[in-house]
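Here is the structure we will look at.
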Amino acid sequence: MAVPKDMNVPAIKVAKVPPSGERDDHANPRSAIAMFLLPALLVYAAFTALPVARTLYNSTHLVVPNRPPEWVGFTHYIELWTDTIFWKAVWNTLTWAAVAPILEVSVATLLALALYAKVPFSRFLRVAWFTPVLMSYVVVGILWMWIYNYDWGALNTMLRAVGLGDWASPWLGHPDTALPSLIAVTTWMWTGFNMVVILAAMSSLPTEVLEAAELDNCGWFGKLWFVILPLIRPTLLNLVVLSFIGKMKIFDLVWVTTQGNPLWATETVSTYVYKRAFQWSTFDLGYPSTIAVIWFFIVMAGVLGLTLLFRQREKLEY
Amino acid sequence: MKKAIILGTVLGAMSLPATAQELTLWSHWADQQAKVEFVESAARAFEEANPGVTIDITWYQKEPLYAALKTALTAGQGPDIFYAETDQTEYMANGLVLDLSDKLNWDAIEPWAQDVWGWEGGVYGFPLEAWTVETYVNQAMLDEMGIDMPVSGAEGQAFVEAVSKIADAGATPMAQGVGDRPYPGAFLTHEILVKKLGADDYESLLRGDGVEWTDPRVRAGLEYAKSIIDAGAFPASFSSIKLGEAHRYFHTQPGAAMLQMGSFYPSRAFAAPDEGGEPDSFELGIVNGPIPPDAACPTCKTIAVGGSFVVNAGSDNTDLAAQFLNSMATPEMGNKWLEANLVQTGIVADPSAIEGENAAYFQKLAAANEGAEYTYGIPVQQMTGTARETFTQVINQAFPAGLIGVDEVIDMMAEAY
Numbered sequence: 001m002a003v004p005k006d007m008n009v010p011a012i013k014v015a016k017v018p019p020s021g022e023r024d025d026h027a028n029p030r031s032a033i034a035m036f037l038l039p040a041l042l043v044y045a046a047f048t049a050l051p052v053a054r055t056l057y058n059s060t061h062l063v064v065p066n067r068p069p070e071w072v073g074f075t076h077y078i079e080l081w082t083d084t085i086f087w088k089a090v091w092n093t094l095t096w097a098a099v100a101p102i103l104e105v106s107v108a109t110l111l112a113l114a115l116y117a118k119v120p121f122s123r124f125l126r127v128a129w130f131t132p133v134l135m136s137y138v139v140v141g142i143l144w145m146w147i148y149n150y151d152w153g154a155l156n157t158m159l160r161a162v163g164l165g166d167w168a169s170p171w172l173g174h175p176d177t178a179l180p181s182l183i184a185v186t187t188w189m190w191t192g193f194n195m196v197v198i199l200a201a202m203s204s205l206p207t208e209v210l211e212a213a214e215l216d217n218c219g220w221f222g223k224l225w226f227v228i229l230p231l232i233r234p235t236l237l238n239l240v241v242l243s244f245i246g247k248m249k250i251f252d253l254v255w256v257t258t259q260g261n262p263l264w265a266t267e268t269v270s271t272y273v274y275k276r277a278f279q280w281s282t283f284d285l286g287y288p289s290t291i292a293v294i295w296f297f298i299v300m301a302g303v304l305g306l307t308l309l310f311r312q313r314e315k316l317e318y
Numbered sequence: 001m002k003k004a005i006i007l008g009t010v011l012g013a014m015s016l017p018a019t020a021q022e023l024t025l026w027s028h029w030a031d032q033q034a035k036v037e038f039v040e041s042a043a044r045a046f047e048e049a050n051p052g053v054t055i056d057i058t059w060y061q062k063e064p065l066y067a068a069l070k071t072a073l074t075a076g077q078g079p080d081i082f083y084a085e086t087d088q089t090e091y092m093a094n095g096l097v098l099d100l101s102d103k104l105n106w107d108a109i110e111p112w113a114q115d116v117w118g119w120e121g122g123v124y125g126f127p128l129e130a131w132t133v134e135t136y137v138n139q140a141m142l143d144e145m146g147i148d149m150p151v152s153g154a155e156g157q158a159f160v161e162a163v164s165k166i167a168d169a170g171a172t173p174m175a176q177g178v179g180d181r182p183y184p185g186a187f188l189t190h191e192i193l194v195k196k197l198g199a200d201d202y203e204s205l206l207r208g209d210g211v212e213w214t215d216p217r218v219r220a221g222l223e224y225a226k227s228i229i230d231a232g233a234f235p236a237s238f239s240s241i242k243l244g245e246a247h248r249y250f251h252t253q254p255g256a257a258m259l260q261m262g263s264f265y266p267s268r269a270f271a272a273p274d275e276g277g278e279p280d281s282f283e284l285g286i287v288n289g290p291i292p293p294d295a296a297c298p299t300c301k302t303i304a305v306g307g308s309f310v311v312n313a314g315s316d317n318t319d320l321a322a323q324f325l326n327s328m329a330t331p332e333m334g335n336k337w338l339e340a341n342l343v344q345t346g347i348v349a350d351p352s353a354i355e356g357e358n359a360a361y362f363q364k365l366a367a368a369n370e371g372a373e374y375t376y377g378i379p380v381q382q383m384t385g386t387a388r389e390t391f392t393q394v395i396n397q398a399f400p401a402g403l404i405g406v407d408e409v410i411d412m413m414a415e416a417y
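In order, the protein sequence lines correspond to chains A and B. Following my numbering, the numbering of the first sequence begins with 1 at its first residue and continues without gaps. Following my numbering, the numbering of the second sequence begins with 1 at its first residue and continues without gaps.
This is the structure:
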């Protein structure tokens with residue numbers, strides 16, 4: 001360490017202070033920050049902010065080709081209020097978004113625990129359970145249409161083989177079973193993904209906490225309930241929120257399998273927006289935009305609600 | 001001076017007529033080889049007759065085509081010519097397609113096909129494909145069961161009893177499926193109602209501008225359809241069977257007695273057996289659908305104009321586009337279409353001139369249409385918006401699947417207007 005000969009003189013020579021403009025470039029590089037942010041901001045503005053603003057604008061206009069947009073006020077919003085198909089779609093989507101995350105995260109937690117406990121063939125099972133999420137919704141949809149086929153589908157074939165032929169059903173063709181059948185598909189598809197994330201969270205738990213619990217004669221269930229689950233709670237809640245958002249937007253699977261049939265039993269808000277935008281013998285983008293706007297606020301309210309509901313007031317420390 | 005010469009040269013070059021012109025065409029039928037070949041060969045012939053002209057055709061499946069067109073046309077772009085169907089009145093309503101009234105050779109187009117494309121005084125489409133709703137029968141199966149199905153259509157209770165007899169024998173009476181289309185499940189109800197009400201009143205019912213769904217005649221027609229459905233007309237897997245699968249279900253595996261289908265049936269069924277076509281030994285018959293009691297028009301049936309071409313009103317090549325369509329509007333091309341595609345066309349053609357292995361099919365088709373009075377377009381081509389969507393969900397699917405009864409049908413359809 002260098003010791004100054006004269007204590008009044010600093011060991012390091014202070015650089016000469018540049019003029020104010022030059023100083024801004026180095027000490028407070030706003031232009032550099034702007035340069036780094038600009039590309040991302042431009043992309044965000046072009047592909048997120050502008051479409052959102054345009055959708056809001058469209059929702060209060062009649063938007064058809066060869067004519068300037070015509071202001072219609074809140075006509076679309078009033079029409080939407082009495083649109084029974086829309087509310088059916090809202091109900092279906094909310095049901096899906098409420099049920100599927102609970103199923104996915106619950107089953108995934110059980111599977112992750114099994115792998116955490118090192119059950120036999122755990123390496124194979126980890127890959128096998130994760131595989132469905134690697135497939136696209138289109139492939140999954142076709143696969144499950146075969147499984148649910150009334151005549152030769154695997155599900156009905158198994159039911160008939162074990163003497164439960166009376167339970168055989170056109171699973172996607174009946175209003176009572178169509179939506180639950182599709183919820184089962186998304187659960188099958190996403191459970192593996194949730195399992196891997198939960199397993200990662202479990203694997204990173206501090207061993208000293210778990211060992212301390214064991215020293216306190218904490219049983220397996222007690223360790224799970226009082227130690228493991230509280231510690232991975234943030235991970236579980238994030239997965240619930242992610243799953244909720246995913247189900248609120250679901251489109252592909254429904255489009256491939258049922259297109260909202262039968263009797264709108266599987267209609268979701270996304271499929272209804274598509275139908276209104278592209279299959280309704282009209283070019284008007286105003287009404288579909290209105291649905292999108294309303295749904296945006298419903299999704300946002302849902303996410304905020306979940307965040308508030310699951311907010312952890314006391315942070316766990318270990 | 002030098003600058004003036006250069007400017008003059010540039011302006012002169014700009015004012016020269018273009019020596020090369022490209023027409024763009026977007027069409028459905030990507031997976032229907034015979035139709036692709038027909039249009040492609042017409043395009044190549046037109047190019048040969050018009051040196052310097054090229055026709056660039058892009059083939060799509062129907063849904064992606066419609067989505068692409070909607071985006072392109074909204075942006076003021078799109079191809080010169082594109083595929084459209086008669087229910088797409090939004091093209092006319094928004095001035096996106098050209099009025100072809102004085103551009104096509106209408107003498108070579110069937111008058112009914114011209115009417116179907118009429119809209120507010122103009123005529124907008126070149127009706128390439130047309131089809132009727134037919135009841136195809138497995139003649140050997142019916143003969144084996146001792147069921148006589150007249151070509152003019154079985155009347156009243158006779159059809160219900162035939163369906164019951166087939167179902168009781170463990171066979172499927174009608175191999176319908178609605179897995180991927182909004183209309184095949186509605187054929188039964190639709191054809192019954194058109195016969196029950198007559199063409200004019202039925203069209204009024206669909207448009208919602210006169211006859212209502214609460215009309216006693218409509219109820220009687222629906223109750224007749226319900227008696228056929230309850231007799232076990234459709235397979236349990238009705239909701240998931242796709243159009244192509246319904247064909248195979250009917251003629252090959254597991255086999256059914258009847259299939260109500262558009263007369264585009266041969267485009268799939270007349271393929272080689274190992275490509276999903278009928279077995280060589282299959283005995284195909286064609287009859288009319290069931291005639292309800294007290295039918296106002298027992299000979300009424302549906303003819304639909306299917307795939308058509310329209311000209312983009314914003315195109316820079318509208319005259320050339322119309323010339324290309326006109327090159328297909330000849331009786332020779334009409335017959336060529338029939339022979340290649342085995343389905344009717346809006347171009348004037350002579351099915352009796354068809355020779356060879358398909359001549360017998362066209363004779364049966366002609367017999368089934370002898371004396372027919374047509375309504376133009378299946379319901380989903382005549383309806384729009386919520387009424388169309390409700391019809392698709394209710395009459396096409398839930399009602400024939402046995403999920404709802406006549407009262408629910410009437411309530412839901414009445415509310416949809």
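Using N, Cα and C, we set each Cβ at its ideal position, and we do this for glycine too. All values reported here derive from a predicted model rather than from experimental measurement.
What are the partner residues of I286 of chain B, as DSSP defines its beta bridges? B:Y136
DSSP three-state label for A84 of chain B, please. strand
Anticipated Cβ contact below 8 Å, A329 of chain B with N105 of chain B, distance rounded: 5 Å
Relative to chain A, which residues along the segment 81-103 of chain B have a C-beta separation below 9 Å, given in chain order? D87, Q88, T89, E90, Y91, A93, N94, G95, L96
Of all the alpha helix (DSSP H) runs that stay within the bounds of the segment 178-259 of chain B, which reach a length of 4 or more residues? 187-197, 199-207, 216-230, 243-251
In chain order, what residues of the segment 250-269 of chain A put their CB closer than 7 Å to some CB of chain B? N261, P262, L263, W264
Nearest-angstrom Cα distance between A277 of chain A and R160 of chain A? 43 Å
With a threshold of 8 Å between beta-carbons, can Y150 of chain A be considered close to chain B, or not? yes
Closest by CA to A416 of chain B, which one among B:G405, B:A401, B:S308, B:I395? B:I395
Report the partner residues of T58 of chain B according to the DSSP bridge assignment. B:W26
Below 8 Å on C-beta distance, what does G385 of chain B contact in chain A? W280, S281, T282
Enumerate in chain order the residues of its own chain whose CB-to-CB distance from Q139 of chain B is below 8 Å, with the five nearest sequence positions on each side excluded. E283, L284, G285
Rounded to whole angstroms, what is the Cα-Cα separation between F234 of chain B and P173 of chain B? 7 Å
With distances taken Cα to Cα, identify the nearest neighbour of P216 of chain B among B:G244, B:D294, B:A372. B:D294
Proximal residues to D87 of chain B (C-beta, below 6 Å), its chain only, five neighbours per side dropped: Q381
Under a three-way DSSP split, which group does N326 of chain B fall into? helix
Cut-off 6 Å between Cβ atoms - residues of its own chain near A401 of chain B, not counting five sequence neighbours on either side: F238, S239
Please look up how many angstroms separate the CB atoms of T302 of chain B and E191 of chain B, rounded, as I've assumed it's under 8 Å. 7 Å
What's the gap between the Cα of G198 of chain B and the Cα of L206 of chain B? 12 Å
Measure the beta-carbon distance from L306 of chain A to V240 of chain A and round it to whole angstroms, keeping in mind my assumption that it falls under 8 Å. 7 Å
Cβ-based burial, V269 of chain A [other Cβ within 10 Å; buried from 16]: buried
Whole-angstrom distance between G346 of chain B and M14 of chain B, CA atom to CA atom: Its pLDDT being 44, under 50, M14 of chain B is placed unreliably in this model, and the value from its coordinates should be taken loosely. Distance between the alpha carbons of M14 of chain B and G346 of chain B is about 41 Å.
Kindly list the residues whose CB is nearer than 6 Å to the CB of M322 of chain A, restricted to its own chain and excluding five residues on each side of it in sequence; keep chain order. Residue 322 of chain A lies beyond the residue range present for chain A, which begins at 1 and ends at 318; the question has no answer from this structure.
Can you tell me which of the three DSSP states I5 of chain B falls into? With a pLDDT of 44 at I5 of chain B, under the threshold of 50, the predicted position of this residue should be treated as unreliable, though the coordinate-derived value follows. Three-state DSSP puts I5 of chain B in a helix.
The beta strand (DSSP E) spanning K249 of chain A covers which residue range? Here K249 of chain A belongs to no beta strand (DSSP E), and DSSP marks it neither H nor E.
Output, in sequence order along the chain, the residues in the segment 180-193 of chain A whose CB is closer than 8 Å to any CB in chain B. none
For the alpha helix (DSSP H) that contains T172 of chain B, what are its first and last residues? Element bounds for T172 of chain B: not the alpha helix (DSSP H) but the beta strand (DSSP E), 172-174.
Got a sec? Which residues, its chain only, sit under 7 Å from R181 of chain B by beta carbon, not counting five neighbours each side? L243
In three-state DSSP terms, what is M149 of chain B? coil
So what's K103 of chain B in DSSP terms, helix, strand or just coil? coil
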